[in-house]
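Below you'll find the structure, written out as structure tokens, and then a few comments.
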Amino acid sequence: VSKKVVVTKAKAPAISVANCVGGVKITLKTTTPNATLYYKTSKDGSYIKYTEPFLLSSTKTIYAKASSKGYVTSPTASKKISVSKVATPTLSSAKVDNEIGKVTLKWKVVSGAQGYYIYRADEFNSAYVLVDKVIGGKATSYTDYDYSAGLKNTYKIRAYCSGKATSSYSNAKSVNTVAKDDS
5 VSKKVVVTKA
15 KAPAISVANC
25 VGGVKITLKT
35 TTPNATLYYK
45 TSKDGSYIKY
55 TEPFLLSSTK
65 TIYAKASSKG
75 YVTSPTASKK
85 ISVSKVATPT
95 LSSAKVDNEI
105 GKVTLKWKVV
115 SGAQGYYIYR
125 ADEFNSAYVL
135 VDKVIGGKAT
145 SYTDYDYSAG
155 LKNTYKIRAY
165 CSGKATSSYS
175 NAKSVNTVAK
185 DDS
């Protein structure tokens with residue numbers, strides 16, 4: 005008795021790329037019914053189950069495959085994704101006006117930037133915290149009214165752009181503030 009058995013391979017996933025702030029968004033799709041998708045970002049790495057689009061913020065090659073009950077695992081699809089980084093801004097000044105209760109930061113425009121992230125730390129909390137997002141690549145200043153009064157506040161900024169990795173942190177600038185009058 006003989007029986008012809010047809011083995012069908014799952015379709016390799018399509019790897020699509022969309023620009024987003026901080027890099028590119030990677031989406032995987034296959035036409036194989038009920039397939040589970042897997043990906044890795046290095047040839048020697050382990051596969052990770054794909055559950056949703058993910059952000060890629062550096063140049064890598066994506067390897068993807070599909071697996072489904074009743075199908076042979078698909079061939080591996082691969083795509084090299086190039087992601088450049090926005091240039092690092094230079095914070096030129098940080099000045100405090102204790103009477104008005106503000107700290108003003110200044111920097112030069114970074115070519116290609118779409119905006120800037122503002123980070124602050126104080127002498128009791130050395131971890132930098134994102135305090136605001138400045139929209140617009142031509143921006144060259146930011147005023148902070150919500151700093152830690154009575155403490156040394158230190159600032160850094162980063163430039164961002166859709167389709168590129170966010171820049172490295174700028175140099176740090178510090179200001180000494182006085183406690184705000186509660187009266």
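Anchor point for the sequence shown: position 22 equals 26 in my numbering, and the numbering is continuous, going up by one each time. Don't be surprised by glycine CBs; every beta carbon is placed ideally from N, CA and C.
Quick check on residue i: does DSSP put it in helix, strand or coil?
i    : result
G154 : coil
Y173 : coil
C24  : strand
V182 : coil
G140 : coil
K112 : coil
D48  : coil
Y132 : strand
V76  : strand
K83  : strand
Per the DSSP calculation, residue i is bridged to which residue(s)?
i    : result
D148 : V107
S71  : T40
T31  : S20
G119 : I139, Y164
S62  : Beta-bridge pairing links S62 to no other residue.
My assumption, with CB atoms under 8 Å, is that residue i sits in contact with residue j. Please give the rounded CB distance.
i    : j    : result
S174 : Q118 : Contact flag wrong, Cβ pair sits at about 16 Å.
T31  : S20  : 5 Å
V87  : S62  : 6 Å
I122 : D101 : Not a contact, Cβ separation roughly 17 Å.
K168 : V90  : 5 Å
Just to confirm before moving on: does the CB-CB distance between residue i and residue j stay below 8 Å?
i   : j   : result
K53 : Y42 : yes
K69 : P17 : yes
Y75 : K13 : yes
If distances are taken between C-alpha atoms only, which option among the options comes closest to residue i?
i    : options               : result
G154 : E103, T80, Y132, K177 : E103
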